[in-house]
Amino acid sequence: MKRYFLADAHLKDPRDLNYRHLLGFLRSLEEEPCELFLLGDIFEFWMGYRHTLFAVYVPLLEQLRRLREQGTEIVFVEGNHDFRMGPYFTKTLGCTVFPREGLLERDGRRIHISHGDLVDEEDFPYRLLRAFLRCAPFYAAFSVFPPDWAWEIARWAGRRSRKKRAAREKRWDPENLLRRHARRRFAQGADLVITGHFHFPWLEESEEETILALGDWISQFSYAILDEGKITLTSYPTEEENRPLSNSY
Ligand SMILES: [Mn+2]
Numbered sequence: 002m003k004r005y006f007l008a009d010a011h012l013k014d015p016r017d018l019n020y021r022h023l024l025g026f027l028r029s030l031e032e033e034p035c036e037l038f039l040l041g042d043i044f045e046f047w048m049g050y051r052h053t054l055f056a057v058y059v060p061l062l063e064q065l066r067r068l069r070e071q072g073t074e075i076v077f078v079e080g081n082h083d084f085r086m087g088p089y090f091t092k093t094l095g096c097t098v099f100p101r102e103g104l105l106e107r108d109g110r111r112i113h114i115s116h117g118d119l120v121d122e123e124d125f126p127y128r129l130l131r132a133f134l135r136c137a138p139f140y141a142a143f144s145v146f147p148p149d150w151a152w153e154i155a156r157w158a159g160r161r162s163r164k165k166r167a168a169r170e171k172r173w174d175p176e177n178l179l180r181r182h183a184r185r186r187f188a189q190g191a192d193l194v195i196t197g198h199f200h201f202p203w204l205e206e207s208e209e210e211t212i213l214a215l216g217d218w219i220s221q222f223s224y225a226i227l228d229e230g231k232i233t234l235t236s237y238p239t240e241e242e243n244r245p246l247s248n249s250y
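What follows is the structure, given as structure tokens:
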């Protein structure tokens, strides 16, 4: 069985090229049951309400449902834009959800999966913010807002953090951060460490160990396939020219 890994689509609008490509890619997986790993920030904003869904995500959720009906397993690791996936993901769709990270055994490999926003263990302000956004009182307070407001607030926060991120990325050294993160996971028994978050497709392999960063599904359309223990990093064929998305990233 083939296993597919992708992250960081930051979906906002079904008319966007990246959204349409993701639907096209997922449709192509209908041919045979597989396992699909979504490693966070698939959505620009997701908060798991009990009875409410954001309308823009219906096409994707329908496609995930079709895959599930055909026997595909879906594993979701929450990112920094999509968290508390909630009952729709776990119960209705029947996905396995990891809020932080997971260590799984597949095809004789021990795979550590996470979104990647926690790889920098010294970034205490971020870890604090992350914990705050996920704590029950914050969630309870945020849930009081009408979902339309929550959507606007999250979009505003997303635009702000992207500006800050552009400045921060200049100082980022993802290879080093990822190697350090992977070494710790190797010590805990993993032999394949996969993250997203950095929007940086990268694969480093030695005989026994592999580090993989997935890149993004915004403009790179990169993803990984695990087939009989062998991992490859590839990208989705794009026949259309990369037109600007409906919103600026
Ligand atoms: Mn992220």
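Take the sequence shown: its position 118, counting from 1, is numbered 119 in this note's numbering, and each next residue is one higher.
Heads up, the beta-carbon is just placed ideally off N, CA and C, and yes, glycines get one too.
Every value quoted in this text rests on a predicted model; they were computed, and no experiment measured them.
Please determine whether the Cβ atom of residue i lies at a distance below 7 Å from any heavy atom of ligand 1.
| i | result |
| --- | --- |
| Asp192 | no |
Mind checking which residues open and close the alpha helix (DSSP H) that includes residue i?
| i | result |
| --- | --- |
| Ser29 | 18-29 |
| Ala142 | 137-144 |
| Leu62 | 59-70 |
Consider the C-beta atom of residue i and the heavy atoms of ligand 3; say whether any pair is separated by less than 7 Å.
| i | result |
| --- | --- |
| Val194 | Among the ligands present in this structure, namely ligand 1, ligand 3 is not found. |
Counting along the chain, where does the beta strand (DSSP E) carrying residue i start and finish?
| i | result |
| --- | --- |
| Arg4 | 4-7 |
| Leu179 | Run containing Leu179: none in the beta strand (DSSP E); it sits in the alpha helix (DSSP H), 175-188. |
| His113 | 110-115 |
| Glu206 | 202-206 |
| Arg107 | 102-107 |
| Lys13 | Here Lys13 belongs to no beta strand (DSSP E), and DSSP marks it neither H nor E. |
| Tyr1 | Only positions 2 to 250 of the chain appear in this structure, which leaves residue 1 out of reach. |
| Thr233 | 231-236 |
| Phe99 | 97-99 |
To which residues does DSSP link residue i through a beta bridge?
| i | result |
| --- | --- |
| Glu33 | Glu33 pairs with nothing; no bridge assigned. |
| Glu74 | Glu36 |
| Ile212 | Val194, Glu205 |
| Trp47 | Asp83 |
Do we get a CB-CB distance below 8 Å when we pair residue i with the residues of chain C?
| i | result |
| --- | --- |
| Ala137 | Absent here is chain C; the protein component of the structure consists of one chain. |
What is the chain-ordered set of residues for which the beta carbon lies under 7 Å from any non-hydrogen atom of ligand 1? Applying a distance threshold of 7 Å between residue Cβ atoms and the heavy atoms of ligand 1 selects Asp9, Gly41, Asp42, Gly80, Asn81, His82, His116, Gly117, Asp118, Gly197, His198, given in chain order.
Does the stretch 35-48 come within contact of the stretch 7-14, defined as at least 3 CB pairs closer than 8 Å? Judged by Cβ distances under 8 Å, the stretch 35-48 makes contact with the stretch 7-14, as three or more pairs qualify.
Contact between the stretch 102-114 and the stretch 179-192 is defined here as three or more beta-carbon pairs at a separation below 8 Å; is this criterion met? They touch, by the three-pair rule.
Kindly confirm or deny that the stretch 215-222 and the stretch 141-149 touch, where touching means at least three C-beta pairs closer than 8 Å. At 8 Å Cβ cutoff, the stretches do not touch.
Check whether the stretch 145-160 and the stretch 40-53 are in contact - that is, three or more C-beta pairs closer than 8 Å. Contact check between the stretch 145-160 and the stretch 40-53: three or more CB pairs, one atom from each, fall below 8 Å, which counts as touching.
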